[in-house]
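Here is the structure we will look at.
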Amino acid sequence: MLVGVDPVGEAAGVPVYLQAAMMQPYADADVTIDVVDEPMSDAMSLETEYGVRFVLREGPR
Amino acid sequence: MHQGQICESGTRVLVHEKVHDKFVEKMIAGIKRIQIGDTMDMTTGMGPLVSSSQRDTVEKYVGLGEEQGAKCVAGGKRPSNMSKGYYYEPTIFDDVDNKMRIAQEEIFGPVVSVIRYKDDDEAVRIANDSVYGLGGAVWSSNKDRAVGAGQAHRHRHRVGQRLPHDQPPLPVRRLQAERRRARARQVGSRRVPRAEAHPRRRGHAAGRQVLPAMLLVELGISPSPRASLRGPELCLPLGRAARGDRVAVSFDPMPTIRITPRAADVVARVRTERSGTLTFTIDGGCCEGTGAPPLRGRRARRRRPRW
Chain A
1249 MLVGVDPVGE
1259 AAGVPVYLQA
1269 AMMQPYADAD
1279 VTIDVVDEPM
1289 SDAMSLETEY
1299 GVRFVLREGP
1309 R
Chain B
1058 MHQGQICESG
1068 TRVLVHEKVH
1078 DKFVEKMIAG
1088 IKRIQIGDTM
1098 DMTTGMGPLV
1108 SSSQRDTVEK
1118 YVGLGEEQGA
1128 KCVAGGKRPS
1138 NMSKGYYYEP
1148 TIFDDVDNKM
1158 RIAQEEIFGP
1168 VVSVIRYKDD
1178 DEAVRIANDS
1188 VYGLGGAVWS
1198 SNKDRAVGAG
1208 QAHRHRHRVG
1218 QRLPHDQPPL
1228 PVRRLQAERR
1238 RARARQVGSR
1248 RVPRAEAHPR
1258 RRGHAAGRQV
1268 LPAMLLVELG
1278 ISPSPRASLR
1288 GPELCLPLGR
1298 AARGDRVAVS
1308 FDPMPTIRIT
1318 PRAADVVARV
1328 RTERSGTLTF
1338 TIDGGCCEGT
1348 GAPPLRGRRA
1358 RRRRPRW
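Residue numbers (my numbering), protein chains in the order written: chain A, 1249 to 1309; chain B, 1058 to 1364.
Pasting the structure below:
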């Protein structure tokens, strides 16, 4: 995975990194990390054990 | 650094019978040098699995391997000195028959099966005898022979011929092309009816701007400063960087990152139950099984990432 050296921001005290390929579409973005119920998620992200899934939404909520 | 939890991870090692014993001996010696621990520690060579359920899956397959007659010559258990974290020792199975489940199914963990072969034809036949086809490599001291074996592999677009001591592997093909070809196999981007699709994918199909945001800890694919392209480079969407390069990314302007209170609560819960450094990674989807959503319209054309 191609990544940068520095985080692009912070959310709940957790540094946020953006994959290099997403640099162009998200350089000027206003995004919100949200969570949705997803009991059957098979992804590798840590929150899946709690039956939820982080998602990224564009624009302020 | 991903503990085998990458779709491209090699799970079968085909070894010529003449060098088999010596090869396995060196493999065992090699994994004994791997230090298991926090992947944010520069001395660590291998981190934990992503979850307890994934470790359970790995343990189930290790049990299946032993039941079906494979010989576990290294690992095969949790590290005795690590009480916290989903660690599992790198595991080598020897005397594996290619029909065994550990050779045919995706374990997604630090388990490798060693399979003997007598000649190149048998090696190619074994390599092709799989429903998966994500990638492979041929190692040989004979360049022509290695290239020939690589071209005989059914999924040769993913096979890099590796020669000892000199050339790096052949350039990695672009991810888009790989995914397109992978659709013919049971790998990569799966196509399922919309009604059966993952809720995230249904959201994508409806055109909503919802992307995966991964919360990672101690994973090799987490974007720590030590990140390089050593292992998961086959997942690169850009395909421009050379092996071993580190690519710095600059933003001007910087994106604004917010988090909802409910999402922050989940982060707090994870933090209380996990050790190590947490990071959020925003990506277009790859080995975590998501895949980038389709973007639409003029705005989409302007903002669509190139890969």
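The beta carbon of each residue, even a glycine, is placed where N, CA and C say it ideally should be.
Does residue i pass the burial test, meaning 16 or more other C-beta atoms within 10 Å, or should it be called exposed?
{"i": "residue 1091 of chain B", "result": "exposed"}
{"i": "residue 1099 of chain B", "result": "exposed"}
{"i": "residue 1318 of chain B", "result": "exposed"}
{"i": "residue 1299 of chain A", "result": "exposed"}
{"i": "residue 1202 of chain B", "result": "exposed"}
{"i": "residue 1188 of chain B", "result": "exposed"}
{"i": "residue 1262 of chain A", "result": "buried"}
{"i": "residue 1286 of chain A", "result": "buried"}
{"i": "residue 1041 of chain B", "result": "Outside the shown range of chain B, which is 1058 to 1364, sits residue 1041 of chain B, and nothing can be said about it."}
{"i": "residue 1180 of chain B", "result": "buried"}
{"i": "residue 1066 of chain B", "result": "buried"}
{"i": "residue 1282 of chain A", "result": "buried"}
{"i": "residue 1126 of chain B", "result": "exposed"}
{"i": "residue 1061 of chain B", "result": "buried"}
{"i": "residue 1330 of chain B", "result": "exposed"}
{"i": "residue 1153 of chain B", "result": "buried"}
{"i": "residue 1295 of chain A", "result": "buried"}
{"i": "residue 1124 of chain B", "result": "exposed"}
{"i": "residue 1301 of chain A", "result": "buried"}
{"i": "residue 1110 of chain B", "result": "exposed"}
{"i": "residue 1087 of chain B", "result": "exposed"}
{"i": "residue 1325 of chain B", "result": "exposed"}
{"i": "residue 1076 of chain B", "result": "exposed"}
{"i": "residue 1120 of chain B", "result": "exposed"}
{"i": "residue 1332 of chain B", "result": "exposed"}
{"i": "residue 1137 of chain B", "result": "exposed"}
{"i": "residue 1182 of chain B", "result": "exposed"}
The alpha helix (DSSP H) spanning residue i covers which residue range?
{"i": "residue 1336 of chain B", "result": "Residue 1336 of chain B -> not in any alpha helix (DSSP H); beta strand (DSSP E) instead, spanning 1335 to 1339."}
{"i": "residue 1160 of chain B", "result": "1158 to 1161"}
Taking the DSSP output, what are the residues bridged to residue i?
{"i": "residue 1148 of chain B", "result": "B:1168"}
{"i": "residue 1103 of chain B", "result": "B:1093"}
{"i": "residue 1073 of chain B", "result": "B:1174"}
{"i": "residue 1300 of chain A", "result": "A:1285"}
When DSSP labels each residue in this structure, what does residue i get in the three-state scheme?
{"i": "residue 1265 of chain A", "result": "strand"}
{"i": "residue 1306 of chain A", "result": "strand"}
{"i": "residue 1204 of chain B", "result": "helix"}
{"i": "residue 1280 of chain A", "result": "strand"}
{"i": "residue 1328 of chain B", "result": "helix"}
{"i": "residue 1130 of chain B", "result": "strand"}
{"i": "residue 1153 of chain B", "result": "coil"}
{"i": "residue 1067 of chain B", "result": "coil"}
{"i": "residue 1181 of chain B", "result": "helix"}
{"i": "residue 1195 of chain B", "result": "strand"}
{"i": "residue 1135 of chain B", "result": "coil"}
{"i": "residue 1186 of chain B", "result": "coil"}
{"i": "residue 1141 of chain B", "result": "coil"}
{"i": "residue 1078 of chain B", "result": "helix"}
{"i": "residue 1322 of chain B", "result": "helix"}
{"i": "residue 1125 of chain B", "result": "coil"}
{"i": "residue 1293 of chain A", "result": "coil"}
{"i": "residue 1098 of chain B", "result": "coil"}
{"i": "residue 1060 of chain B", "result": "coil"}
{"i": "residue 1109 of chain B", "result": "helix"}
{"i": "residue 1303 of chain B", "result": "Low local confidence applies: a pLDDT of 39 at residue 1303 of chain B is under 50, so the model's placement there is unreliable, and no value is given."}
Tell me the residue span of the beta strand (DSSP E) that contains residue i.
{"i": "residue 1259 of chain A", "result": "1257 to 1259"}
{"i": "residue 1313 of chain B", "result": "1313 to 1316"}
Note down, in chain order, all residues in the region 1070 to 1087 of chain B with a beta-carbon under 9 Å from any beta-carbon belonging to chain A.
none
Just by C-beta distance, which residues in the region 1094 to 1116 of chain B are closer than 9 Å to chain A?
1107, 1108, 1109, 1110, 1111
Proximal residues, the region 1158 to 1174 of chain B versus chain A, C-beta separation under 7 Å
The region 1158 to 1174 of chain B vs chain A, Cβ under 7 Å: nothing.
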